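Here's the structure we're looking at; comments come further down.
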Amino acid sequence: MREVAVAPLVAAPETGGLADLVYANAEQAPDHIAFRRKSTDGWSPVTTREFRDQVQRLARGLVAAGVQPGERVAVLSATRYEWTLFDFAIWAAAAVPVPIYPTSSREQIEWIIADSGATAVVVETDEHAAKVAGLPLLRGVWRIDAVEDLVALGDDVPVTDVDERRRAVSPKDVATIIYTSGTTGRPKGCVLTHANFFAEADNVAEVLSPLFKGKDVSTLVFLPLAHVFGRMVQVGAVLARVTLGHTADVKNVVNDLATFRPTFVLSVPYVFEKIYNSARQRAETAGKARIFDAATETAIKYSEADKPGLALRIRHAVFDRLVYRRLRAVLGGQCRYAISGGAALGHRLTHFYRGIGLTVFEGYGLTETTAAATVNAPNAAKPGTVGRPVPGTAVRISDEGEVLIKGGVVFSGYWGSAPAADEWFATGDLGSLDEDGFLSITGRKKEILVTSGGKNVAPAVIEDRITAHPLVGQAVVVGDGRKFVAALITIDQEHLAHWKKSNGKPDEASAADLSDDEDLLAEIQRAVDAGNAAVSAAEAVRRFRVLPDEFSIGGGHLTPSLKLRRSQIMKDFADEVEALYGPR
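One point on numbering: in UniProt numbering, the residue at position 149 of the sequence shown is 149, and numbering is uninterrupted.
What follows is the structure, given as structure tokens:
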């Protein structure tokens, strides 16, 4: 199959913007618990009416501060309740929020603010404030934990001023500009409209109705709200009236999941891997590794079987009491569904989780497609694929095998660039469609890595910085589908001779001889540190490995124009890459 299209389940709105969702919720279900806000006493409820009032007051403050319709306001913060509050308040004031990852470098922050033309920025920490110090921001720098200071400015602004602005917004207007890694290194601003978010959230909530609809449904967002996936979770929850909680502590997210007790979660593979690996480690420490491994294999076989036999059903029931029940308790005990995106979860873990009673639906999408373009669903799922197109979306496979996407979720273009003439968006990913219209991603056409945490990483940026060091011959950043970014590094042979003399090393010592030399490794670490200074923490190289020889054209690792042949390097140095992610 070369193309599949799915008709929309929800008609696109002809008027209004995302802020209208807040007002409609307050009017139609004023006492519904829209949020549960983390505090020292647990999770405090916030009703739709209370949230509407908070959004309105903050929007009045933004108007008083001089924010004009269409102006960009940057938000530099980790995931928290106030992030969502600012998002909807900025929309209510008819302005455009521009999210920035809280781990971004000053260089990245300066570029995003300058490129987007943001006139103000909301920051969370003193470090963030220092990174934006000196930038020409017309409206100022506001602290996200000092909302009341900004609210107080708006006391004299009539409520009608905000209402007029909000009602003037149309679906085709820009809702946000989300910057994502480009192949040239400079982040590119993806322009997403209110219509894009409606097309995504409305149809995803409908096709995944067992997750988004029903009594007391809830989810905990721990993904960065600077990421389109986290943003879609937020908008989808408000649209479908799903009770939403926030936490930024991914390392300790398990504790928050246990107390929040969501009915479903949306995550990246890293979290599912962490839960499994932690459980396996605890079992091994307790001397129960063999039981856990047997339970794992049973869960996988149970999920894979169309009709499990009696013996398998008995084993599954036994392990449910011994193991699976405890694993489900890690997620709060109420969670039955999950959506995984950002990178591939893998066939084995998908079946493992389904086998223990947590059905994980994998999806696929990009910032340019407002998150999910395809998704597995309760009534249409195939483990190992990323699902069928989101209703209202079409997927085509080009003659070169590239995945092309068309529909309401596709963005309007990159900020500062002319809209694309082709109605099909070329994703840069390679894939195939089966006879039932399920998409499988088979490779990546463009040189963008996606970590298991869902972070897009453009290798060229940090590679260029690292190779600027005279001792470095070439640097290859790796980390696709992995927990963190690492690098393979070769030594420049000409500079090595000079370095050996300067550091008292034997003249005859080769790069291979010195691959574990402390002085050499310290020098390479300085080169890596220089590279890391230009990128966010999530993109930074955590480990590196020095290779014995430089890459060459004759060895098949460089093109005639001296570009890296990444696929060949990854194949020939697979063992070295694996060693980067092994125990130290």
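We put the CB at the ideal spot given by N, CA and C, even for glycine. Here the structure is a predicted model, which means the values were calculated and not measured.
CA-to-CA, the gap between R321 and L327 works out to about 10 Å. Spatial neighbours of A95 in its own chain (CB-CB distance under 8 Å, excluding positions within 5 residues in sequence) are listed in chain order as L62, V67, Q68, P69, G70, E71, R72 and V73. Secondary structure at G453: coil, using DSSP grouped into helix, strand and coil. Annotated as proximal: V541 and V485, with beta-carbon spacing under 8 Å.
Cβ neighbours of V169 within its own chain (closer than 6 Å, five residues either side excluded): G17 and A94. Of the residues assessed, K501 falls on the exposed side of the cut-off, its CB having fewer than 16 other CB atoms within 10 angstroms. Within the segment 450-504, complete alpha helix (DSSP H) segments of at least 4 residues are found at 459-467 and 493-502, given in chain order.
Residue pairing by DSSP places S440 opposite S432 in a beta bridge. In summary, Q234 is buried, with 16 or more beta-carbon neighbours lying within 10 Å of its beta-carbon over all protein chains present. Looking only at S39, A11 and V46, the smallest Cα-Cα distance to V22 is reached by V46. Per DSSP, reduced to three states, the secondary structure at T193 is strand. Rounded to the nearest whole angstrom, the CA to CA distance from R139 to T79 is 23 Å.
In the pairwise beta carbon analysis, the segment 436-448 is classified as not touching the segment 220-234: fewer than three pairs are separated by under 8 Å. Annotation: the continuous alpha helix (DSSP H) that includes L520 extends over E518 to N532.
Within the model, the alpha-carbon separation for A538 versus I314 is close to 44 Å. Within the DSSP bridge table, the entry for T219 names L244 as partners. Per the C-alpha coordinates, the member of E200, A511 and R482 positioned closest to G236 is E200.
Spatial neighbours of Y414 in its own chain (CB-CB distance under 8 Å, excluding positions within 5 residues in sequence) are listed in chain order as K188, G189, C190 and V191. In the structure shown, L331 adopts coil according to DSSP, grouped into three states.
When DSSP states are grouped into helix, strand and coil, A579 belongs to the helix group.
For the segment 105-132, the full-length alpha helix (DSSP H) segments reaching 4 residues or more read 106-116 and 126-132 along the chain. A286 is not a Cβ neighbour of L239, given a cutoff of 8 Å. Residue state for R2 is assigned as coil, using DSSP reduced to three classes. The beta carbon of H469 is closer than 6 Å to those of A527 in its chain, skipping five residues each way along the sequence.
Annotation: F319 to V360 spans about 20 Å, alpha carbon to alpha carbon. Taking a C-beta distance under 8 Å as the contact criterion, L137 and T119 qualify as a contact pair. In the structure shown, F361 falls within a strand segment according to DSSP collapsed to helix, strand and coil. Residue burial annotation: D156 is exposed, with fewer than 16 other C-beta atoms found within 10 angstroms of its C-beta. In this structure, V254 lies away from F292, with their beta-carbon atoms at least 8 Å apart. As the crow flies, the alpha-carbon of L345 is around 35 Å from that of I553. Pairing R396 with V375, the inter-Cα distance amounts to about 15 Å.
Linking E3 to G384 through their CA atoms gives a straight-line distance of about 19 Å. Beta-carbon to beta-carbon, L150 and T219 are separated by about 28 Å, too far to satisfy the 8 Å threshold. Around the CB of G342, 16 or more other CB atoms lie within 10 Å, so the residue is classed as buried.
Listed in chain order, the non-local C-beta contacts of G401 below 6 Å within the same chain comprise L430, local neighbours out to five positions each way being set aside.
From the listed residues D464, F51, V386 and A579, the smallest Cα separation to L366 is found for V386.
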